[in-house]
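Below you'll find the structure, written out as structure tokens, and then a few comments.
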Amino acid sequence: MIGKLILNNCLHKPLNAVLSIILFTLGVGISSLIILVEFQLKQKLNYDLVDIDMIVGAKGSPLQMVLSTIFQVDHPTGNIPVKEIEKLSRHPYVEKTIPIAMGDYYKESKIVGTTIDYLKKYHAEVEKGRINQRPFEIVIGNNMANRYQLKVGMHITSSHGNALDKSEEHKDQQYLITGILKPSNSVINNIAITSVESIWNIHHHEKDNKHDEKEEKQVTAALIKFRSPMGVMTLPNWINQNTNLQAAIPIIEINKLLDITGLGLNTLKWIAYLIILVALISIFITMISRLQERKVEIALMRSLGASKLILFTICITEILVYCAIGIILGMLLSRISLTFLNATQISIPTIEFDNWTIKQDELTVIFSIIGLCLLSTIFPIFKVYQLNIAKTLNEN
Amino acid sequence: MLLAEDIQFQYPNTKKLSYPTIQCTSQIPLLITGESGCGKTTLLSIPGGLITNYKGNVMIDGTNLSSLTKTKLDRFRADYIGIIHQKPFFVSSLNMKENIALAAYFGNVQEKNTDVTKQLFDQLKVEHLLFKKPTELSSGEIQRFSIIRAICKNAKLVLADEPTSSLDNQNALQVIQLLNQLCLDKGIALIIVSHDTRLTKSYSHQINLLK
Numbered sequence: 109m110i111g112k113l114i115l116n117n118c119l120h121k122p123l124n125a126v127l128s129i130i131l132f133t134l135g136v137g138i139s140s141l142i143i144l145v146e147f148q149l150k151q152k153l154n155y156d157l158v159d160i161d162m163i164v165g166a167k168g169s170p171l172q173m174v175l176s177t178i179f180q181v182d183h184p185t186g187n188i189p190v191k192e193i194e195k196l197s198r199h200p201y202v203e204k205t206i207p208i209a210m211g212d213y214y215k216e217s218k219i220v221g222t223t224i225d226y227l228k229k230y231h232a233e234v235e236k237g238r239i240n241q242r243p244f245e246i247v248i249g250n251n252m253a254n255r256y257q258l259k260v261g262m263h264i265t266s267s268h269g270n271a272l273d274k275s276e277e278h279k280d281q282q283y284l285i286t287g288i289l290k291p292s293n294s295v296i297n298n299i300a301i302t303s304v305e306s307i308w309n310i311h312h313h314e315k316d317n318k319h320d321e322k323e324e325k326q327v328t329a330a331l332i333k334f335r336s337p338m339g340v341m342t343l344p345n346w347i348n349q350n351t352n353l354q355a356a357i358p359i360i361e362i363n364k365l366l367d368i369t370g371l372g373l374n375t376l377k378w379i380a381y382l383i384i385l386v387a388l389i390s391i392f393i394t395m396i397s398r399l400q401e402r403k404v405e406i407a408l409m410r411s412l413g414a415s416k417l418i419l420f421t422i423c424i425t426e427i428l429v430y431c432a433i434g435i436i437l438g439m440l441l442s443r444i445s446l447t448f449l450n451a452t453q454i455s456i457p458t459i460e461f462d463n464w465t466i467k468q469d470e471l472t473v474i475f476s477i478i479g480l481c482l483l484s485t486i487f488p489i490f491k492v493y494q495l496n497i498a499k500t501l502n503e504n
Numbered sequence: 003m004l005l006a007e008d009i010q011f012q013y014p015n016t017k018k019l020s021y022p023t024i025q026c027t028s029q030i031p032l033l034i035t036g037e038s039g040c041g042k043t044t045l046l047s048i049p050g051g052l053i054t055n056y057k058g059n060v061m062i063d064g065t066n067l068s069s070l071t072k073t074k075l076d077r078f079r080a081d082y083i084g085i086i087h088q089k090p091f092f093v094s095s096l097n098m099k100e101n102i103a104l105a106a107y108f109g110n111v112q113e114k115n116t117d118v119t120k121q122l123f124d125q126l127k128v129e130h131l132l133f134k135k136p137t138e139l140s141s142g143e144i145q146r147f148s149i150i151r152a153i154c155k156n157a158k159l160v161l162a163d164e165p166t167s168s169l170d171n172q173n174a175l176q177v178i179q180l181l182n183q184l185c186l187d188k189g190i191a192l193i194i195v196s197h198d199t200r201l202t203k204s205y206s207h208q209i210n211l212l213k
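Protein chains in written order, with my numbering: chain A, 109 to 504; chain B, 3 to 213.
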């Protein structure tokens with residue numbers, strides 16, 4: 109019976125209820141979306157950075173080099189001679205060096221020339237076929253394969269520069285797809301991987317035709333893992349000061365990027381908190397005005413024998429109903445928005461967001477809202493407690 | 003059933019109200035009359051447990067009301083007392099059936115008294131009005147629901163405050179006949195306060211309050 113009373117009271121003034129719920133939904137939805145994007149962005153960035161202590165490439169913007177080499181967004185800063193990388197790999201502080209050769213595309217997806225170590229770093233597994241072993245064999249990331257309907261055994265033609273940049277196709281040489289990778293949350297989901305030799309062969313073959321001159325072998329960059337922390341402390345500075353190469357520490361560059369984007373996210377977060385506050389005020393005002401209207405009904409229920417505790421419970425539950433509906437709808441809104449972001453690829457193309465897990469920060473927001481809702485019931489409860497039944501019933 | 007002795011009450015900045023001894027037994031209704039402002043409604047609020055800061059003794063079925071804590075008084079009111087207010091207040095978001103069920107719920111009798119309530123609906127000819135909201139009913143119809151609400155929870159004492167003041171002659175007569183009959187049938191002690199002269203002929207046991 110009390111449940112029915114609470115439900116009917118909540119629906120008694122539907123416009124007020126809808127307004128409060130919309131405000132709650134927006135506040136919770138926006139803050140939850142920001143938390144999800146921020147958390148998952150950091151998680152994914154950190155995942156892609158595993159085992160990469162330093163990147164070495166051509167001089168230019170270190171952030172651009174990190175973004176292009178690790179996350180496969182933005183253009184590379186240039187090329188560097190392989191012999192420099194080989195020299196670096198023999199340094200006692202260096203444990204592992206993975207060369208990266210970029211610049212070629214299949215349609216809009218990147219083709220990365222590298223070694224088997226690159227696939228191992230991301231724990232890549234083959235879903236169909238096998239890993240590429242010979243020149244002009246290629247494995248395709250799961251997302252890329254689905255995007256272009258690519259299958260094992262098909263041949264693809266690469267181009268220098270992506271399709272949007274009026275690229276130049278390497279028509280003389282084609283790649284044989286030997287494998288499709290299993291889906292993963294890492295960057296390799298959206299790219300094609302071949303050997304560095306394949307990239308060299310394609311370019312060398314074309315240059316032979318055009319210029320017939322011998323060129324030294326080059327790659328775009330190299331991912332370096334150090335043997336000891338001394339490497340991080342000494343090598344980047346030494347490389348930047350004494351060679352024609354550029355060294356960058358990815359974690360530092362990414363933190364700089366997150367600091368900049370973090371300002372925007374924080375502003376949005378505060379706007380969301382402001383909306384939640386407005387929702388709380390709206391509910392509080394609705395409750396106070398309803399309390400004035402229902403003063404006689406409350407006195408009536410007291411005269412029928414309802415204890416103060418029952419009436420407090422009714423007051424609190426009514427507010428919590430609005431709050432709960434707002435929280436549920438807000439959480440759904442943030443998840444649907446994230447699905448939309450993924451579907452439309454407004455987000456960084458190589459990053460997909462995992463929708464349905466609830467984050468610690470979201471729980472903090474939810475419990476804070478519930479706490480504030482309960483706090484806002486103090487005044488109505490005080491009014492109910494003070495109510496003079498006889499006076500209220502006799503005066504109305 | 004009810005004995006109220008030496009009752010005195012004073013609202014802030016007003017004259018003190020002193021009442022004669024009030025005694026009421028089941029099946030013999032008591033009519034309390036008096037001019038407006040003589041304290042009739044206040045008197046009814048005291049045995050109803052709605053006013054607690056009075057002087058004097060109120061015994062209902064052997065229980066001294068002033069000896070009860072606030073929580074126990076709430077429970078006592080729910081279990082023993084049915085009140086018919088001058089203005090028939092109902093919860094506006096609930097229909098009439100739900101309003102009656104709410105009163106029964108607070109009186110803890112919804113299970114055992116279902117049949118009694120159905121009988122009352124039938125007896126007072128309100129079955130076709132059960133799913134209407136309070137604002138959709140006429141004064142006569144809503145006063146009948148007030149009576150059902152007061153009686154449905156097996157109240158031992160029913161306190162009616164001006165139950166006929168807003169009714170025409172025909173409805174007033176009907177309401178009084180219903181109240182008297184129900185009190186006789188169910189052995190309820192009934193106290194009516196009213197300044198409605200139409201009622202004086204219907205009651206042998208009367209007290210007139212002086213201003």
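Quick reminder that beta carbons are idealized off the backbone N, C-alpha and C, glycines included.
Legend entry - Nearest-angstrom Cα separation, counted from ILE347(A) out to SER455(A): Residue 455(A) sits at position 347 when you count from the first residue of the first sequence. Residue 347(A) sits at position 239 when you count from the first residue of the first sequence. Residue confidence for SER455(A) is low, a pLDDT of 46 falling below 50, so the modelled location carries little weight and cannot support an answer.
Legend entry - Closest residue to LEU227(A) among VAL473(A), GLY249(A), ILE477(A) (Cα-Cα distance): Within the first sequence, the letter at position 119 stands for residue 227(A). Of the listed residues, the one whose Cα sits closest to LEU227(A) is GLY249(A).
Legend entry - ASN97(B) Cβ short of 6 Å to the ligand MG heavy atom set: Although the ligand MG was asked about, the structure shown includes no ligands whatsoever.
Inset, instruction - State buried or exposed for ASN496(A), treating a residue as buried only when at least 16 other CB atoms are found within 10 Å of its CB. - result: Locating residue 496(A) in the first sequence gives position 388, counting from the first residue. Its Cβ having fewer than 16 others within 10 Å, ASN496(A) is exposed.
Inset, instruction - Note down, in chain order, every chain B residue with its Cβ under 8 Å from the Cβ of HIS120(A). - result: The count along the first sequence starts at 1 and reaches residue 120(A) at position 12. Here the neighbours are SER94, SER95.
Legend entry - Coarse secondary structure for GLN281(A), derived from DSSP in three states: Along the first sequence, one-based indexing puts residue 281(A) at 173. In this structure, GLN281(A) counts as coil in the three-state DSSP scheme.
Inset, instruction - Pull out every residue of the segment 122-138 of chain A whose Cβ sits closer than 8 Å to any Cβ of chain E, in chain order. - result: No chain E appears in this structure, whose protein chains are A and B.
Inset, instruction - Compute the beta-carbon to beta-carbon distance between MET355(A) and LEU343(A), rounded to the nearest angstrom, for a pair I have assumed lies under 8 Å. - result: As a first step, residue 355(A) must be located in the first sequence, where it is residue number 247. As a first step, residue 343(A) must be located in the first sequence, where it is residue number 235. Position check: residue 355(A) holds Ala in this sequence, whereas Met was assumed. That belief holds up - the Cβ atoms of ALA355(A) and LEU343(A) are roughly 7 Å apart, short of 8 Å.
Inset, instruction - Could you please give me the residues that DSSP links to ASP212(A) through a beta bridge? - result: Locating residue 212(A) in the first sequence gives position 104, counting from the first residue. Its beta-bridge partners are ILE219(A), HIS268(A).
Inset, instruction - Determine the extent of the beta strand (DSSP E) in which GLU143(B) is found, giving its start and end residues. - result: Residue numbering aside, residue 143(B) sits at position 141 when the second sequence is read from its first letter. It is not in any beta strand (DSSP E) - GLU143(B) instead sits in the alpha helix (DSSP H) that spans 141-153.
Legend entry - N-terminal and C-terminal residue of the alpha helix (DSSP H) that THR500(A) is part of: On the first sequence, residue 500(A) is found 392 positions in, with the first residue counted as 1. Here the alpha helix (DSSP H) through THR500(A) covers 497-503.
Inset, instruction - Could you work out which residue in LYS72(B), THR16(B), LEU4(B), PRO31(B) is closest to GLN1(B) when comparing CA atoms only? - result: Nothing can be reported for residue 1(B), as the shown portion of chain B is limited to 3 through 213.
Inset, instruction - Select from ALA329(A), LEU141(A), CYS481(A) the residue whose C-alpha is nearest the C-alpha of ILE221(A). - result: Working through the first sequence from its first residue, we reach residue 221(A) at position 113. Looking at the sequence shown, residue 221(A) is not Ile but Gly. Measuring from the Cα of GLY221(A), the nearest candidate turns out to be ALA329(A).
Inset, instruction - Could you tell me the boundaries of the beta strand (DSSP E) in which GLY58(B) lies? - result: Looking up residue 58(B) in the second sequence gives position 56. Here the beta strand (DSSP E) through GLY58(B) covers 57-62.
Legend entry - Burial state of ASP320(A) (16 or more Cβ within 10 Å): Position 212 of the first sequence, counted from the first residue, corresponds to residue 320(A). Unreliable placement is indicated for ASP320(A), whose pLDDT of 46 sits below 50; the coordinate value is still reported in the next sentence. Classification for ASP320(A): exposed.
Legend entry - Burial state of GLN257(A), where buried means 16 or more other Cβ atoms lie within 10 Å: Position 149 of the first sequence, counted from the first residue, corresponds to residue 257(A). Result: exposed.
Inset, instruction - Step through the CB atoms of chain A and report whether any lies within less than 7 Å of the CB of ASN59(B). - result: Position 57 of the second sequence, counted from the start, is the residue given in the question as residue 59(B). No - not a single Cβ of chain A is within 7 Å of the one on ASN59(B).
Inset, instruction - In the DSSP assignment, find the unbroken alpha helix (DSSP H) run with ALA414(A) in it and report its ends. - result: Here residue 414(A) refers to the residue found at position 306 of the first sequence. From DSSP, ALA414(A) is part of no alpha helix (DSSP H); its letter is neither H nor E.
Legend entry - Residues that ILE188(A) bridges to, as DSSP identifies them: Your numbering for residue 188(A) matches position 80 in the first sequence. Its beta-bridge partners are VAL327(A).
Inset, instruction - Write down the C-beta distance between ARG151(B) and ALA105(B) rounded to the nearest angstrom, noting that I regard them as a contact closer than 8 Å. - result: For this step, residue 151(B) is matched to residue 149 along the second sequence. For this step, residue 105(B) is matched to residue 103 along the second sequence. Indeed they touch by this definition, with Cβ atoms about 5 Å apart.
Inset, instruction - Mind checking which residues open and close the alpha helix (DSSP H) that includes PHE487(A)? - result: On the first sequence, residue 487(A) is found 379 positions in, with the first residue counted as 1. Looking at the DSSP string, the run of the alpha helix (DSSP H) that includes PHE487(A) is 486-494.
Legend entry - Start-to-end residues for the alpha helix (DSSP H) that takes in VAL515(A): In this structure chain A extends from 109 to 504, so residue 515(A) is not present and cannot be described.
Inset, instruction - Classify MET162(A) as helix, strand or coil using the three-state DSSP reduction. - result: As a first step, residue 162(A) must be located in the first sequence, where it is residue number 54. MET162(A): strand per DSSP, three-state reduction.
Inset, instruction - Excluding the 5 residues preceding and the 5 following SER168(B) in the sequence, name in chain order all residues of the same chain whose CB lies nearer than 6 Å to its CB. - result: On the second sequence, position 166 is the one that residue 168(B) refers to. Taken in chain order, the residues that qualify are SER141.
Inset, instruction - Out of LEU175(B), LYS99(B), GLN88(B), ILE178(B), state which residue places its alpha-carbon closest to the alpha-carbon of THR500(A). - result: Walking along the first sequence from the start, residue 500(A) turns up at place 392. Checked all of LEU175(B), LYS99(B), GLN88(B), ILE178(B); the closest Cα to THR500(A) is GLN88(B).
Inset, instruction - Would you mind stating whether ILE163(A) and VAL174(A) have Cβ atoms separated by less than 7 Å? - result: In the first sequence, the residue the question calls residue 163(A) occupies position 55. In the first sequence, the residue the question calls residue 174(A) occupies position 66. In this structure, ILE163(A) places its C-beta atom within 7 Å of the C-beta atom of VAL174(A).
Legend entry - Neighbouring residues, chain B, relative to ALA498(A) (Cβ below 7 Å): To locate residue 498(A), count along the first sequence from 1; it is residue 390. Residues of chain B passing the Cβ test: SER47, LEU52, ILE53.
Inset, instruction - Can you have a look at ASN66(B) and say buried or exposed, based on whether 16 or more other CB atoms are within 10 angstroms of its CB? - result: Along the second sequence, one-based indexing puts residue 66(B) at 64. So ASN66(B) ends up on the exposed side.
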